[in-house]
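Visitor: Here the sequence shown is numbered in my numbering, starting from -9 and rising by one per residue.
For glycine and all other residues, C-beta sits at the position ideal for the given N, C-alpha and C.
My questions will all concern the structure given below.
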Amino acid sequence: PRGPADHCWIVGHHEAMRACMMRDHVTRETMRPTRISPRIAIILTFFIIVGVADTSISPSSTPQKQPSSPYGRISKDEYILSPEQIECFHRDGCTTLDNVLTEEEVKDIEQIFDRFLRREIDVPGKDHCDMSQPFDTPWEDWRIVNIMLPTTYLPSFKNNIYERLSACIARQLFPSLDMTKDYDQLLNKRPGKTDAVFAWHQDMGYWPGPKALGVDETSTCTLSLAVDDSTEANGCLRFVPGSHKAKRLRPHVPLGKSRDDAHALTIDVDRSKGDAIMLAPAKRGSVTIHDEFVVHGSGGNRSKDRQRRTYVIAFRPNEVVEAERRIGFTHSHNDEVNWDTFSDGEGHRLKADKKGQAE
(Lines of atoms letter the chains of each structure in order from A and count residues from 1; the text may use other names and numbers.)
(Lines give C-alpha, C1' and ligand atoms only; values in the text may rest on other atoms or scores of the structure.)
Protein backbone atom coordinates (compact mmCIF):
# COMPACT_ATOMS: atom_id res chain seq x y z
CA PRO A 1 0.00 0.00 0.00
CA ARG A 2 1.20 3.54 -0.86
CA GLY A 3 1.38 6.21 1.78
CA PRO A 4 1.02 10.00 1.45
CA ALA A 5 4.66 10.33 0.42
CA ASP A 6 4.12 7.92 -2.48
CA HIS A 7 1.09 9.92 -3.62
CA CYS A 8 3.09 13.10 -3.64
CA TRP A 9 5.81 11.44 -5.69
CA ILE A 10 3.31 10.17 -8.27
CA VAL A 11 1.59 13.55 -8.60
CA GLY A 12 4.96 15.32 -8.88
CA HIS A 13 6.16 12.84 -11.44
CA HIS A 14 3.09 13.38 -13.64
CA GLU A 15 3.45 17.18 -13.38
CA ALA A 16 7.06 16.95 -14.42
CA MET A 17 6.19 14.73 -17.38
CA ARG A 18 3.52 17.19 -18.55
CA ALA A 19 5.90 20.15 -18.23
CA CYS A 20 8.52 18.33 -20.25
CA MET A 21 6.01 17.55 -23.01
CA MET A 22 4.87 21.18 -23.14
CA ARG A 23 8.49 22.35 -23.46
CA ASP A 24 9.12 19.94 -26.35
CA HIS A 25 5.96 21.20 -28.07
CA VAL A 26 7.08 24.82 -27.79
CA THR A 27 10.54 23.93 -29.09
CA ARG A 28 9.09 22.22 -32.14
CA GLU A 29 6.85 25.19 -32.84
CA THR A 30 9.69 27.68 -32.70
CA MET A 31 11.84 25.55 -34.99
CA ARG A 32 9.33 25.80 -37.82
CA PRO A 33 10.54 27.97 -40.76
CA THR A 34 9.46 31.61 -40.52
CA ARG A 35 9.16 33.97 -43.50
CA ILE A 36 11.37 37.11 -43.08
CA SER A 37 11.24 40.08 -45.46
CA PRO A 38 14.44 40.78 -47.49
CA ARG A 39 14.85 44.23 -45.84
CA ILE A 40 14.84 42.72 -42.36
CA ALA A 41 17.29 40.03 -43.49
CA ILE A 42 19.76 42.66 -44.73
CA ILE A 43 19.52 44.61 -41.48
CA LEU A 44 20.03 41.47 -39.39
CA THR A 45 23.03 40.44 -41.48
CA PHE A 46 24.64 43.88 -41.01
CA PHE A 47 24.29 43.75 -37.23
CA ILE A 48 25.66 40.20 -37.09
CA ILE A 49 28.77 41.21 -39.08
CA VAL A 50 29.37 44.34 -37.01
CA GLY A 51 28.88 42.36 -33.85
CA VAL A 52 31.46 39.77 -34.91
CA ALA A 53 33.93 42.51 -35.89
CA ASP A 54 33.49 44.31 -32.58
CA THR A 55 34.02 41.18 -30.53
CA SER A 56 36.96 39.80 -32.59
CA ILE A 57 39.21 42.91 -32.17
CA SER A 58 39.82 44.16 -28.70
CA PRO A 59 40.70 47.83 -28.14
CA SER A 60 44.20 46.84 -27.09
CA SER A 61 44.87 45.06 -30.40
CA THR A 62 43.58 47.87 -32.65
CA PRO A 63 46.50 49.47 -34.59
CA GLN A 64 47.15 52.95 -33.27
CA LYS A 65 48.38 55.75 -35.57
CA GLN A 66 51.89 56.71 -34.54
CA PRO A 67 52.54 60.43 -34.00
CA SER A 68 54.69 61.95 -36.77
CA SER A 69 58.22 63.10 -35.92
CA PRO A 70 58.69 66.86 -35.43
CA TYR A 71 62.08 66.56 -37.18
CA GLY A 72 63.16 65.99 -40.76
CA ARG A 73 61.25 67.05 -43.87
CA ILE A 74 57.96 68.38 -42.51
CA SER A 75 56.80 70.41 -45.53
CA LYS A 76 57.80 71.43 -49.03
CA ASP A 77 60.30 74.10 -47.92
CA GLU A 78 61.07 73.00 -44.35
CA TYR A 79 63.55 70.51 -42.94
CA ILE A 80 63.69 70.65 -39.15
CA LEU A 81 66.94 69.66 -37.45
CA SER A 82 66.92 67.63 -34.26
CA PRO A 83 68.85 68.89 -31.22
CA GLU A 84 71.29 66.00 -31.76
CA GLN A 85 72.03 67.06 -35.36
CA ILE A 86 72.65 70.66 -34.32
CA GLU A 87 74.90 69.50 -31.49
CA CYS A 88 76.81 67.16 -33.83
CA PHE A 89 77.50 69.96 -36.31
CA HIS A 90 78.88 72.32 -33.66
CA ARG A 91 80.78 69.56 -31.83
CA ASP A 92 82.36 67.67 -34.76
CA GLY A 93 82.28 70.30 -37.47
CA CYS A 94 80.25 68.01 -39.74
CA THR A 95 76.93 66.18 -39.70
CA THR A 96 74.70 64.25 -42.13
CA LEU A 97 70.98 64.75 -42.76
CA ASP A 98 69.09 61.84 -44.31
CA ASN A 99 66.35 62.12 -46.94
CA VAL A 100 66.38 65.89 -47.37
CA LEU A 101 65.13 65.66 -50.97
CA THR A 102 62.71 63.18 -52.52
CA GLU A 103 63.72 61.03 -55.49
CA GLU A 104 61.59 63.18 -57.81
CA GLU A 105 63.28 66.36 -56.56
CA VAL A 106 66.75 64.88 -57.03
CA LYS A 107 65.84 63.85 -60.58
CA ASP A 108 64.86 67.43 -61.43
CA ILE A 109 68.22 68.72 -60.15
CA GLU A 110 70.06 65.86 -61.84
CA GLN A 111 68.77 66.93 -65.25
CA ILE A 112 70.25 70.42 -64.85
CA PHE A 113 73.45 69.02 -63.33
CA ASP A 114 74.01 66.74 -66.31
CA ARG A 115 73.44 69.60 -68.76
CA PHE A 116 76.37 71.38 -67.11
CA LEU A 117 78.48 68.21 -67.30
CA ARG A 118 77.68 67.83 -71.02
CA ARG A 119 78.77 71.48 -71.46
CA GLU A 120 75.37 72.45 -72.84
CA ILE A 121 75.42 75.46 -70.49
CA ASP A 122 78.31 77.84 -70.98
CA VAL A 123 80.62 78.29 -67.97
CA PRO A 124 83.48 80.64 -68.82
CA GLY A 125 87.16 80.38 -68.01
CA LYS A 126 88.41 78.73 -64.85
CA ASP A 127 84.94 78.25 -63.38
CA HIS A 128 84.79 75.00 -65.34
CA CYS A 129 87.91 73.09 -64.37
CA ASP A 130 89.43 70.03 -62.73
CA MET A 131 89.84 70.63 -58.98
CA SER A 132 92.67 68.10 -58.72
CA GLN A 133 94.90 69.12 -61.65
CA PRO A 134 96.35 72.16 -63.43
CA PHE A 135 93.95 74.41 -65.32
CA ASP A 136 95.40 73.39 -68.71
CA THR A 137 94.58 69.67 -68.26
CA PRO A 138 92.68 68.35 -71.34
CA TRP A 139 88.96 67.90 -70.61
CA GLU A 140 89.00 64.17 -71.41
CA ASP A 141 91.64 63.66 -68.69
CA TRP A 142 89.75 65.45 -65.92
CA ARG A 143 89.23 63.58 -62.65
CA ILE A 144 87.10 65.95 -60.53
CA VAL A 145 84.86 68.08 -62.72
CA ASN A 146 84.24 71.42 -60.99
CA ILE A 147 81.60 73.97 -61.99
CA MET A 148 81.54 77.17 -59.95
CA LEU A 149 78.45 79.35 -59.47
CA PRO A 150 75.95 77.33 -61.55
CA THR A 151 73.02 79.60 -60.67
CA THR A 152 75.02 82.59 -61.93
CA TYR A 153 75.38 80.96 -65.33
CA LEU A 154 71.83 79.55 -65.34
CA PRO A 155 69.64 82.09 -63.50
CA SER A 156 66.51 79.94 -63.89
CA PHE A 157 68.21 77.40 -61.58
CA LYS A 158 68.12 79.90 -58.69
CA ASN A 159 65.81 79.33 -55.73
CA ASN A 160 65.40 75.63 -56.52
CA ILE A 161 64.03 73.28 -53.86
CA TYR A 162 67.47 72.33 -52.55
CA GLU A 163 68.46 75.98 -52.21
CA ARG A 164 65.27 76.78 -50.27
CA LEU A 165 65.69 73.83 -47.91
CA SER A 166 69.36 74.72 -47.38
CA ALA A 167 68.38 78.25 -46.33
CA CYS A 168 65.94 76.78 -43.80
CA ILE A 169 68.66 74.53 -42.36
CA ALA A 170 71.27 77.31 -42.19
CA ARG A 171 68.94 79.50 -40.14
CA GLN A 172 68.58 76.73 -37.56
CA LEU A 173 72.33 76.20 -37.21
CA PHE A 174 72.97 79.91 -36.64
CA PRO A 175 69.65 81.37 -35.45
CA SER A 176 71.18 84.65 -34.24
CA LEU A 177 72.90 85.42 -37.57
CA ASP A 178 71.49 86.69 -40.83
CA MET A 179 72.60 83.69 -42.89
CA THR A 180 72.52 84.17 -46.64
CA LYS A 181 73.71 82.21 -49.66
CA ASP A 182 77.35 82.94 -50.47
CA TYR A 183 78.07 80.66 -53.42
CA ASP A 184 77.21 77.35 -55.07
CA GLN A 185 79.21 74.68 -56.87
CA LEU A 186 78.81 71.38 -58.75
CA LEU A 187 81.39 68.59 -58.40
CA ASN A 188 81.67 65.24 -60.11
CA LYS A 189 84.20 62.48 -59.52
CA ARG A 190 84.34 60.50 -62.71
CA PRO A 191 84.09 56.68 -62.49
CA GLY A 192 87.31 54.74 -62.09
CA LYS A 193 89.38 57.83 -61.29
CA THR A 194 91.26 56.52 -58.27
CA ASP A 195 93.35 59.69 -58.31
CA ALA A 196 90.26 61.95 -58.07
CA VAL A 197 91.37 62.96 -54.60
CA PHE A 198 90.14 66.18 -53.04
CA ALA A 199 93.17 67.21 -50.97
CA TRP A 200 92.88 67.82 -47.24
CA HIS A 201 92.06 71.47 -46.58
CA GLN A 202 90.02 73.97 -44.59
CA ASP A 203 87.59 76.12 -46.55
CA MET A 204 88.98 79.23 -44.89
CA GLY A 205 92.25 78.49 -46.66
CA TYR A 206 90.48 79.45 -49.91
CA TRP A 207 88.57 82.39 -48.42
CA PRO A 208 89.62 85.77 -47.01
CA GLY A 209 90.07 85.81 -43.25
CA PRO A 210 88.55 88.26 -40.77
CA LYS A 211 91.50 90.63 -41.11
CA ALA A 212 91.04 90.91 -44.87
CA LEU A 213 87.29 91.41 -44.53
CA GLY A 214 87.23 93.63 -41.46
CA VAL A 215 84.75 91.35 -39.64
CA ASP A 216 84.87 89.18 -36.54
CA GLU A 217 82.28 86.57 -37.49
CA THR A 218 82.98 83.98 -40.22
CA SER A 219 80.45 81.26 -39.29
CA THR A 220 79.64 79.09 -42.28
CA CYS A 221 77.60 76.02 -43.07
CA THR A 222 78.41 74.35 -46.37
CA LEU A 223 75.77 71.87 -47.49
CA SER A 224 76.59 69.09 -49.96
CA LEU A 225 73.72 67.25 -51.64
CA ALA A 226 74.44 63.66 -52.66
CA VAL A 227 73.08 63.42 -56.22
CA ASP A 228 74.52 59.89 -56.24
CA ASP A 229 75.00 57.57 -53.28
CA SER A 230 78.25 58.78 -51.73
CA THR A 231 80.33 55.93 -50.32
CA GLU A 232 83.92 55.20 -49.40
CA ALA A 233 84.30 53.38 -52.72
CA ASN A 234 83.42 56.41 -54.88
CA GLY A 235 85.16 58.95 -52.66
CA CYS A 236 82.76 60.26 -50.02
CA LEU A 237 83.59 63.18 -47.73
CA ARG A 238 86.05 62.53 -44.92
CA PHE A 239 86.93 64.89 -42.09
CA VAL A 240 88.83 65.34 -38.84
CA PRO A 241 86.18 65.77 -36.12
CA GLY A 242 86.74 68.67 -33.77
CA SER A 243 89.46 70.23 -35.94
CA HIS A 244 87.33 73.37 -36.30
CA LYS A 245 87.09 74.27 -32.63
CA ALA A 246 90.27 76.34 -32.41
CA LYS A 247 89.11 78.40 -35.42
CA ARG A 248 92.69 78.51 -36.56
CA LEU A 249 93.98 77.97 -40.06
CA ARG A 250 96.60 75.28 -40.54
CA PRO A 251 99.46 76.02 -42.98
CA HIS A 252 98.21 75.50 -46.56
CA VAL A 253 100.37 75.01 -49.64
CA PRO A 254 99.27 75.03 -53.30
CA LEU A 255 99.16 71.73 -55.17
CA GLY A 256 100.51 73.50 -58.25
CA LYS A 257 103.40 75.91 -58.57
CA SER A 258 100.98 78.78 -57.95
CA ARG A 259 97.28 79.60 -58.24
CA ASP A 260 97.90 80.53 -61.86
CA ASP A 261 98.80 76.87 -62.39
CA ALA A 262 96.08 75.18 -60.27
CA HIS A 263 93.44 76.25 -57.79
CA ALA A 264 93.76 73.51 -55.16
CA LEU A 265 95.45 73.79 -51.76
CA THR A 266 96.47 71.09 -49.31
CA ILE A 267 97.46 70.65 -45.65
CA ASP A 268 98.95 67.86 -43.58
CA VAL A 269 96.79 65.46 -41.59
CA ASP A 270 98.75 63.54 -38.96
CA ARG A 271 97.16 60.67 -37.04
CA SER A 272 100.17 60.55 -34.69
CA LYS A 273 99.27 64.07 -33.54
CA GLY A 274 95.68 63.18 -32.75
CA ASP A 275 94.02 63.66 -36.14
CA ALA A 276 91.24 61.07 -36.20
CA ILE A 277 89.58 60.59 -39.57
CA MET A 278 85.86 59.97 -40.01
CA LEU A 279 83.92 59.18 -43.18
CA ALA A 280 80.64 60.90 -44.01
CA PRO A 281 78.80 58.69 -46.50
CA ALA A 282 75.42 59.89 -47.73
CA LYS A 283 72.55 58.30 -49.63
CA ARG A 284 71.17 59.97 -52.74
CA GLY A 285 68.98 62.86 -51.60
CA SER A 286 70.79 63.23 -48.28
CA VAL A 287 73.02 66.13 -47.29
CA THR A 288 76.28 66.56 -45.37
CA ILE A 289 77.01 69.90 -43.68
CA HIS A 290 80.43 71.10 -42.63
CA ASP A 291 81.90 74.18 -40.98
CA GLU A 292 84.46 76.61 -42.45
CA PHE A 293 87.40 75.52 -40.28
CA VAL A 294 86.94 71.73 -40.13
CA VAL A 295 89.73 69.80 -41.89
CA HIS A 296 88.19 67.74 -44.69
CA GLY A 297 88.75 66.21 -48.11
CA SER A 298 87.81 63.04 -49.98
CA GLY A 299 89.42 59.98 -51.53
CA GLY A 300 89.49 58.83 -55.14
CA ASN A 301 86.71 57.05 -56.99
CA ARG A 302 87.53 53.34 -57.02
CA SER A 303 84.18 52.42 -58.54
CA LYS A 304 84.52 51.60 -62.23
CA ASP A 305 80.88 52.35 -63.12
CA ARG A 306 79.67 54.90 -60.56
CA GLN A 307 80.27 58.63 -60.59
CA ARG A 308 79.91 60.82 -57.51
CA ARG A 309 77.97 64.01 -58.21
CA THR A 310 77.67 66.60 -55.43
CA TYR A 311 75.80 69.91 -55.34
CA VAL A 312 77.35 72.36 -52.86
CA ILE A 313 75.74 75.49 -51.37
CA ALA A 314 77.40 77.62 -48.67
CA PHE A 315 75.64 80.03 -46.31
CA ARG A 316 77.40 82.77 -44.34
CA PRO A 317 76.35 85.87 -42.38
CA ASN A 318 75.17 88.62 -44.70
CA GLU A 319 77.85 91.02 -43.43
CA VAL A 320 80.55 88.51 -44.45
CA VAL A 321 79.11 88.09 -47.95
CA GLU A 322 78.89 91.85 -48.39
CA ALA A 323 82.48 92.27 -47.15
CA GLU A 324 83.69 89.63 -49.64
CA ARG A 325 82.01 91.40 -52.52
CA ARG A 326 83.47 94.76 -51.47
CA ILE A 327 87.02 93.41 -51.92
CA GLY A 328 86.09 91.77 -55.24
CA PHE A 329 85.76 88.15 -54.06
CA THR A 330 82.78 86.22 -55.49
CA HIS A 331 84.16 82.62 -55.22
CA SER A 332 84.60 82.57 -59.00
CA HIS A 333 87.92 81.07 -60.04
CA ASN A 334 88.08 83.91 -62.54
CA ASP A 335 88.33 86.52 -59.74
CA GLU A 336 91.56 88.48 -59.64
CA VAL A 337 91.12 88.60 -55.88
CA ASN A 338 91.58 85.06 -54.59
CA TRP A 339 93.34 82.88 -52.04
CA ASP A 340 96.80 84.01 -53.07
CA THR A 341 96.03 87.74 -52.76
CA PHE A 342 94.13 88.13 -49.46
CA SER A 343 95.89 90.44 -47.03
CA ASP A 344 95.21 88.53 -43.82
CA GLY A 345 98.71 87.36 -42.88
CA GLU A 346 98.32 83.69 -43.85
CA GLY A 347 101.46 82.06 -45.26
CA HIS A 348 99.99 80.86 -48.56
CA ARG A 349 98.86 84.33 -49.65
CA LEU A 350 101.72 84.37 -52.13
CA LYS A 351 100.91 87.46 -54.17
CA ALA A 352 99.90 89.40 -51.06
CA ASP A 353 103.25 88.54 -49.43
CA LYS A 354 105.17 89.64 -52.52
CA LYS A 355 103.19 92.87 -52.65
CA GLY A 356 103.91 93.52 -48.97
CA GLN A 357 107.63 92.89 -49.48
CA ALA A 358 107.73 95.24 -52.45
CA GLU A 359 106.09 97.97 -50.41
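Less than 6 Å between C-beta atoms, sequence neighbours within five positions excluded: which residues of the same chain meet that for T170?
Guide: The residue given as residue 170 occupies position 180 in the sequence shown. Taken in chain order, the residues that qualify are N308, V311.
Visitor: For R238, which residues in the same chain have their Cβ closer than 8 Å to its Cβ, ignoring the five residues on either side in sequence?
Guide: Position 248 of the sequence shown holds residue 238. Excluding positions up to five away in sequence, the list reads F283.
Visitor: So what does DSSP say about Q175, is it helix, strand or coil?
Guide: Indexing the sequence shown from 1 puts residue 175 at position 185. Three-state DSSP puts Q175 in a strand.
Visitor: Let me know if D281 comes out buried or exposed under the rule of 16 or more other beta-carbons within 10 Å of its beta-carbon.
Guide: As a first step, residue 281 is located in the sequence shown; it is residue number 291 there, counting from the start. D281 should be labelled buried.
Visitor: Go through the segment 262 to 331 residue by residue and report every complete run of the beta strand (DSSP E) that reaches 3 residues or more, in order.
Guide: Correct list: 268 to 270, 277 to 280, 286 to 288, 298 to 307.
Visitor: Is C119 near the ligand MN - that is, is its Cβ less than 7 Å away from at least one heavy atom of it?
Guide: Judged by which ligands are present, the structure shown has none, so any question about the ligand MN falls away.
Visitor: Have a look at F147 and R299 and give me their C-alpha separation to the nearest angstrom.
Guide: In the sequence shown, counting from the first residue as 1, residue 147 sits at position 157. In the sequence shown, counting from the first residue as 1, residue 299 sits at position 309. So the two alpha carbons sit approximately 17 Å from each other.
Visitor: Can you check DSSP and say which residues form a bridge with C211?
Guide: One-based indexing of the sequence shown puts residue 211 at position 221. C211 is bridged to F305.
Visitor: Is L203 helix, strand or coil when you go by DSSP?
Guide: For the purposes of this step, residue 203 is taken as the residue at position 213 of the sequence shown. In this structure, L203 counts as helix in the three-state DSSP scheme.
Visitor: How would you label W329, buried or exposed, when you count the other beta carbons within 10 angstroms and need 16 or more for buried?
Guide: Along the sequence shown, one-based indexing puts residue 329 at 339. It counts as buried.
Visitor: Going by C-alpha distance, which of C158, K97, I303, P114 is nearest K66?
Guide: As a position in the sequence shown, residue 66 is number 76, starting the count at 1. Closest option to K66, Cα to Cα, is C158.
Visitor: Going by the CB atoms, is the gap between D126 and H323 shorter than 8 Å?
Guide: In the sequence shown, residue 323 corresponds to position 333, counting from 1. In the sequence shown, residue 126 corresponds to position 136, counting from 1. No, the Cβ-Cβ distance between H323 and D126 is not below 8 Å.
Visitor: Can we say the segment 192 to 209 touches the segment 329 to 338, given the rule of at least three CB pairs closer than 8 Å?
Guide: The segment 192 to 209 vs the segment 329 to 338: in contact.
Visitor: Checking the sheet assignment: what are the DSSP bridge partners for A216?
Guide: Within the sequence shown, the letter at position 226 stands for residue 216. T300, per the DSSP bridge assignment.
Visitor: Locate the beta strand (DSSP E) running through L71, then write down its first and last residues.
Guide: For this step, residue 71 is matched to residue 81 along the sequence shown. Where L71 is concerned, there is no enclosing beta strand (DSSP E), given that its DSSP letter is neither H nor E.
Visitor: Inspect the beta-carbon positions of T92 and I279 and report whether they are closer than 8 Å.
Guide: Working through the sequence shown from its first residue, we reach residue 92 at position 102. Working through the sequence shown from its first residue, we reach residue 279 at position 289. Not a contact, by the Cβ cut-off of 8 Å.
Visitor: If you reduce the DSSP assignment to three classes, tell me which class H191 lands in.
Guide: Indexing the sequence shown from 1 puts residue 191 at position 201. Note: H191 maps to strand in three-state DSSP.
Visitor: Please classify H338 as buried or exposed, where buried requires at least 16 other C-beta atoms within 10 Å of its C-beta.
Guide: The count along the sequence shown starts at 1 and reaches residue 338 at position 348. H338 comes out buried.
Visitor: State buried or exposed for S262, treating a residue as buried only when at least 16 other CB atoms are found within 10 Å of its CB.
Guide: Within the sequence shown, the letter at position 272 stands for residue 262. Exposed, since its Cβ has fewer than 16 Cβ neighbours within 10 Å.
Visitor: Report the rounded CA-to-CA distance for Q123 versus R109, giving the unit in angstroms.
Guide: Here residue 123 corresponds to residue number 133 of the sequence shown, with the count starting at 1. Here residue 109 corresponds to residue number 119 of the sequence shown, with the count starting at 1. About 19 Å.
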